[in-house]
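A.B. asks: Have a look at the structure that comes next, please.
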Amino acid sequence: TSGGVVAAVDLGATSGRVMLGYVEDGMLRLEQVARFPNGPVPGPDGSLRWDFTALYRHIVDGLTEAFRREPGIASIGIDSWAVDYGLVHGDELLGEPFHYRDERTVRGVETVHAVASFDELYRRNGLQFLPFNTLYQYAVEQGLGDAEVALLIPDLVAFLLTGAHVAERTNASTTGLLDVRTGEWDLELASRLGIPASVLPSLVDPGAAIGTLHGEARERIGAPLEVIAVGSHDTASAVVAVPLSTPDAAYISCGTWGLVGVELDEPVLTDAARAANFTNEGGVDGRVRFLHNVTGLWLLSEAVRTWEAEDGAPIDLPALLDAAAAVDGDVPLFDANDPRLSAPDDMPARIAAVLAESGATAPATRTGFARTIVESIAQAFAGAVATAGRLTGRDIDVIHVVGGGALNRLLCQATADRSGLPVLAGPVEATALGNVLVQARAHGWFGADATLERLRQVVAASVSPVRYEPRGE
Ligand code: LFR
Numbered sequence: 002t003s004g005g006v007v008a009a010v011d012l013g014a015t016s017g018r019v020m021l022g023y024v025e026d027g028m029l030r031l032e033q034v035a036r037f038p039n040g041p042v043p044g045p046d047g048s049l050r051w052d053f054t055a056l057y058r059h060i061v062d063g064l065t066e067a068f069r070r071e072p073g074i075a076s077i078g079i080d081s082w083a084v085d086y087g088l089v090h091g092d093e094l095l096g097e098p099f100h101y102r103d104e105r106t107v108r109g110v111e112t113v114h115a116v117a118s119f120d121e122l123y124r125r126n127g128l129q130f131l132p133f134n135t136l137y138q139y140a141v142e143q144g145l146g147d148a149e150v151a152l153l154i155p156d157l158v159a160f161l162l163t164g165a166h167v168a169e170r171t172n173a174s175t176t177g178l179l180d181v182r183t184g185e186w187d188l189e190l191a192s193r194l195g196i197p198a199s200v201l202p203s204l205v206d207p208g209a210a211i212g213t214l215h216g217e218a219r220e221r222i223g224a225p226l227e228v229i230a231v232g233s234h235d236t237a238s239a240v241v242a243v244p245l246s247t248p249d250a251a252y253i254s255c256g257t258w259g260l261v262g263v264e265l266d267e268p269v270l271t272d273a274a275r276a277a278n279f280t281n282e283g284g285v286d287g288r289v290r291f292l293h294n295v296t297g298l299w300l301l302s303e304a305v306r307t308w309e310a311e312d313g314a315p316i317d318l319p320a321l322l323d324a325a326a327a328v329d330g331d332v333p334l335f336d337a338n339d340p341r342l343s344a345p346d347d348m349p350a351r352i353a354a355v356l357a358e359s360g361a362t363a364p365a366t367r368t369g370f371a372r373t374i375v376e377s378i379a380q381a382f383a384g385a386v387a388t389a390g391r392l393t394g395r396d397i398d399v400i401h402v403v404g405g406g407a408l409n410r411l412l413c414q415a416t417a418d419r420s421g422l423p424v425l426a427g428p429v430e431a432t433a434l435g436n437v438l439v440q441a442r443a444h445g446w447f448g449a450d451a452t453l454e455r456l457r458q459v460v461a462a463s464v465s466p467v468r469y470e471p472r473g474e
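Okay, so the sequence shown: first residue is 2 according to the UniProt record's numbering, each after it adds one.
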């Protein structure tokens, strides 16, 4: 077999990375070139934004270093969190992109639902209700009319690098403006919502060539490298790299969020799926990511951030989790998806308030608190896995946990215990691996027409998941 090396830009809500991905003898290996922090920053008007300008600088620096280390790079692929976008006029980005946790979306939901009910939207776009879905953000977007084009974050990076306007399809599926049946823009819905068709770029599929580095990016990075579309929604890339071990396996892509579900060939748009708020997002190769968003490690990282601010010193998270694992007896649980827990700041106080409402008392120690958070996430994971099985008629027999959460042993064990199912944890770097795999396939390194199943064999050959057995009562 053949092989080579590609660069993957992978932007998460708390950090971004540039990686080199090597494919040799049907195996995959990643090397981290750059890692940089990310997170909400206050905008002018008190809004929550992303510091996209800084992110882009880190990306170009990282790619420059990647090319210096590895002049043989065959292409670049970009993925990030979903739904957020930049408005562009000419070469200019009209302001830093809003963070999906900004509260303006509340107004957007009202505006959109006055035109199209959630029931109708679900029939058209198949998406679970999340107040930050792009269409709600567009509804309150002042500058939409002045923009030449609106580009989702990975497409925005690709535009700055190459000059091309595209909308990669897996990520476009999270806007709410893509027809779930045809995979094309729903122009009728867009027009009813006052969204000009001109701001919606042409759709491309993972594996398509987007363009070649141009202008300043080409000068800085040093070569006319090609940018290739990958599953540019990070979750779509992560699902590519889940080494699904049985036909009825479920997955949890666990980072800031826990995306809990199964892969399907066709969307499920039943009343039951809508009521359970399950989403039909677009996957690579036209697959459907039928899943539910559970608030994931956000709860823990925000709590830790608050405690660190109180202490004025960093907290050793692995040590905290080890201590939390040793806590004896039951801890109180709360609903991880309570909307009051989605905004930043004061997470321990927010959780304590939610607990108090149900008559429970928050644990007095940080260790107890950490245990409560992890068990509550695991409980929500187990519930969503059971619901995914019920809604699809599948008898789920194993749960694959990928992403950073795969390193959290307490969470993996608690998920096994609470679901009664074995958990296979890993790969931790699923998102970057999925990004690399789709580029590698486009270069023909796995032979002509390699299927997703073939790509997953490569993952299975390259990483060994850690197995957690459920501990019965
Ligand atoms: C995970 C993720 C989720 C999406 C959320 C917001 O990183 O992409 O799939 O619902 O972030 O974009």
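Just so you know, even glycine gets a beta-carbon here, dropped at the ideal spot from N, CA and C. Remember, it's a predicted structure, so these values are computed and weren't measured experimentally.
Would the region 378–398 and the region 234–244 be scored as touching if the rule is three or more Cβ pairs under 8 Å?
C.D. replies: Short answer: they don't touch.
A.B. asks: Can you give the beta carbon distance from Gly17 to Leu56, rounded, assuming they're within the 8 Å contact cut?
C.D. replies: Between Leu56 and Gly17 the Cβ distance is about 6 Å, and since that is below 8 Å, they are a contact.
A.B. asks: Can you check the region 10–93 for any beta strand (DSSP E) of at least 3 residues that lies completely inside it and give the ranges in chain order?
C.D. replies: Listed in chain order, they are 16–25, 28–38, 77–81, 86–90.
A.B. asks: With the ligand LFR as the reference, list in chain order each residue whose Cβ lies under 7 Å from any of its heavy atoms.
C.D. replies: Cβ-based neighbours of the ligand LFR within the cut-off: Gly13, Ala14, Trp82, Ala83, Val84, Asp85, Tyr101, Leu131, Phe133, Thr175, His234, Asp235, Thr236, Gly256, Thr257, Trp258, Leu260, Asn294.
A.B. asks: What's the C-alpha gap between Glu430 and Gly404?
C.D. replies: So the alpha carbons of these two residues sit roughly 6 Å apart.
A.B. asks: What alpha helix (DSSP H) runs, 4 residues minimum, are completely inside the region 308–396?
C.D. replies: Fully enclosed alpha helix (DSSP H) runs of 4 or longer: 318–326, 348–358, 367–393.
A.B. asks: With respect to the beta strand (DSSP E) encompassing Asn409, which residues constitute its N-terminal and C-terminal limits?
C.D. replies: Per DSSP, Asn409 belongs to no beta strand (DSSP E) and is neither H nor E.
A.B. asks: Around the Cβ of Gln440, are there at least 16 other Cβ atoms within 10 angstroms (buried) or fewer (exposed)?
C.D. replies: Buried, since its Cβ has 16 or more Cβ neighbours within 10 Å.
A.B. asks: Assuming Thr135 is part of the alpha helix (DSSP H), what are its boundary residues?
C.D. replies: Counting along the chain, the alpha helix (DSSP H) containing Thr135 begins and ends at 135–140.
A.B. asks: Taking a contact to mean a Cβ-Cβ separation below 8 Å, would you say Ala365 touches Gly22 in this structure?
C.D. replies: No, they are not a contact pair.
A.B. asks: Go through its chain and collect everything with a Cβ distance to residue 555's Cβ below 8 Å, but skip five positions before and after it.
C.D. replies: The structure shown has nothing for residue 555, since the chain only spans 2 to 474.
A.B. asks: Report the rounded CA-to-CA distance for Pro43 versus Leu422, giving the unit in angstroms.
C.D. replies: So the two alpha carbons sit approximately 42 Å from each other.
A.B. asks: Since Leu190 is in the beta strand (DSSP E), which residue starts that stretch and which ends it?
C.D. replies: Not the beta strand (DSSP E): Leu190 falls in the alpha helix (DSSP H), residues 188–193.
A.B. asks: Who pairs with Phe99 in a beta bridge, going by DSSP?
C.D. replies: Looking at the DSSP assignment, Phe99 forms a beta bridge with Arg50.
A.B. asks: Look at the alpha carbon of Thr65 and the alpha carbon of Asp336, and state the distance between them as a whole number of angstroms.
C.D. replies: Cα-Cα distance, rounded: 44 Å.
A.B. asks: Could you check whether Leu425 and Val399 sit closer than 8 Å to each other, using their CB atoms as the reference points?
C.D. replies: Cβ atoms of Val399 and Leu425: closer than 8 Å.
A.B. asks: What is the DSSP secondary structure of Ser254, reduced to helix, strand or coil?
C.D. replies: Strand, per DSSP.
A.B. asks: Alpha carbon to alpha carbon, what distance is there between Val181 and Ala168?
C.D. replies: So the two alpha carbons sit approximately 15 Å from each other.
A.B. asks: Is it true that the CB of Trp82 sits closer than 8 Å to the CB of Ile196?
C.D. replies: Going by C-beta atoms, Ile196 is not nearer than 8 Å to Trp82.
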